[in-house]
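Residue numbers (the numbering used here): 25 to 217. Each residue gets a CB set at the ideal place from its N, CA and C atoms; glycine is no exception. Please read the structure below before turning to the comments.
This is the structure in structure tokens:
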């Protein structure tokens, strides 16, 4: 478990990672869209998490050659499982991503590039959903975010990913004025008036 202090914001808004989403408005979500708003969903019910996993053919070849442990040994105890929109994808082919307009840079982060996040927005862009973190709780009137990390997460070199890694990033990197001379407003902690 990891606790982070957050910027105090009004109860009608959520602030996370520099993105602010206003509370529900009078219009229904997606009312201006052509077609139905739909997307993949994160599976949060432990009973629905698969007990065995498949892997890319290239990774299966590395396992067979003894260069990589079997997939069961590489997947943590709380894996991120995403229920696909219509079917499980197939390896190979062309990847196409849709964008809603010039300001829609988040779709690039969601599908193509950018860093992974502890939490992220669901396909509606309206609800915070687990990602690297298994879940979260808001405490202390919204001033404290408690993150629950997935058990068994590892770095690419096989070392465990723990709350100590996040503490190192925050204390030794983010708070280092030589590395981050101007901190993010979203990470500010102050009393609201």
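- Within the region 90-162, the complete alpha helix (DSSP H) segments of 4 residues or longer fall at 95-98, 130-135, listed in chain order.
- Per DSSP, reduced to three states, the secondary structure at residue 88 is helical.
- Close CB contacts of residue 79 within its chain, under the 8 Å cut and outside five residues either way in sequence, are with 87, 95 (chain order).
- With distances taken between CA atoms, residue 73 lies nearest to 101 out of 64, 101, 82.
- According to the DSSP secondary-structure assignment, residue 62 is paired through a beta bridge with no residue.
- Each residue's CA atom was taken as its position, placing residue 205 and residue 107 some 40 Å apart.
- Only residues of its own chain outside the window of five on either side were considered, and among them 100, 102, 158 have a CB closer than 6 Å to the CB of residue 174, listed in chain order.
- In the same chain as residue 145, and ignoring 5 residues on each side of it, no C-beta atom comes closer than 6 Å to its own.
- Residue burial annotation: residue 154 is buried, with at least 16 other C-beta atoms found within 10 angstroms of its C-beta.
- Contact check for residue 104 against residue 64 fails: the beta carbons are separated by 8 Å or more.
- Here DSSP, grouped into helix, strand and coil, assigns residue 83 to helix.
- With contacts defined by Cβ atoms closer than 8 Å, residue 156 and residue 141 form a contacting pair.
- Here the alpha carbon of residue 162 sits roughly 44 Å from the alpha carbon of residue 85.
- Classified as buried, residue 169 has 16 or more neighbouring CB atoms from the shown chains inside 10 Å of its CB.
- Nearest to residue 182 by alpha-carbon distance, out of 70, 191, 83, 97, is 97.
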